[in-house]
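Below is one structure, written out as structure tokens, with a few remarks after it.
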Amino acid sequence: LPRGSCSIIVQLRTGHVALRNYLKRFSHEESPLCLRCGARETPEHFLVFCARFTRER
1 LPRGSCSIIV
11 QLRTGHVALR
21 NYLKRFSHEE
31 SPLCLRCGAR
41 ETPEHFLVFC
51 ARFTRER
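Below is the structure:
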């Protein structure tokens, strides 16, 4: 895999990825919730549950 792809995979697996739930911890976001559906925006939500990416899955 290209380095950029590996980096994103590691970020998703460790939870250290630029999603709202993580960014809220550092006051970079006002809310940890997904703008599309209102659930906590975690890597699991992003990869499995978010309706925003249903077509891509």
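Counted from 1, the sequence shown has number 2 at position 2 by the UniProt record's numbering; the numbering is strictly sequential. Beta carbons: idealized from backbone N, C-alpha and C, even for Gly.
Practice task
Pull up the CB-CB distance for residue 33 and residue 40, whole angstroms please, since I reckon it's below 8 Å.
Solution key: Counting from 1 along the sequence shown, the entry for residue 33 is found at position 33. Counting from 1 along the sequence shown, the entry for residue 40 is found at position 40. That pair is a contact at about 6 Å.
Handout entry: Cα-Cα separation, residue 13 to residue 43
Key = Within the sequence shown, the letter at position 13 stands for residue 13. Within the sequence shown, the letter at position 43 stands for residue 43. Looking at the two C-alpha atoms, the distance is approximately 8 Å.
Exercise for the section: Tell me whether residue 13 sits in a helix, a strand or coil according to DSSP, three-state version. Expected result: Position 13 of the sequence shown, counted from the first residue, corresponds to residue 13. In this structure, residue 13 counts as helix in the three-state DSSP scheme.
Handout entry: Terminal residues of the alpha helix (DSSP H) in which residue 23 lies
Key = Position 23 of the sequence shown, counted from the start, is the residue given in the question as residue 23. It spans 20-24 - the alpha helix (DSSP H) in which residue 23 sits, taken as one unbroken run.
Exercise for the section: Could you please give me the residues that DSSP links to residue 33 through a beta bridge? Expected result: Here the question's residue 33 lines up with position 33 in the sequence shown. Paired residues: 40.
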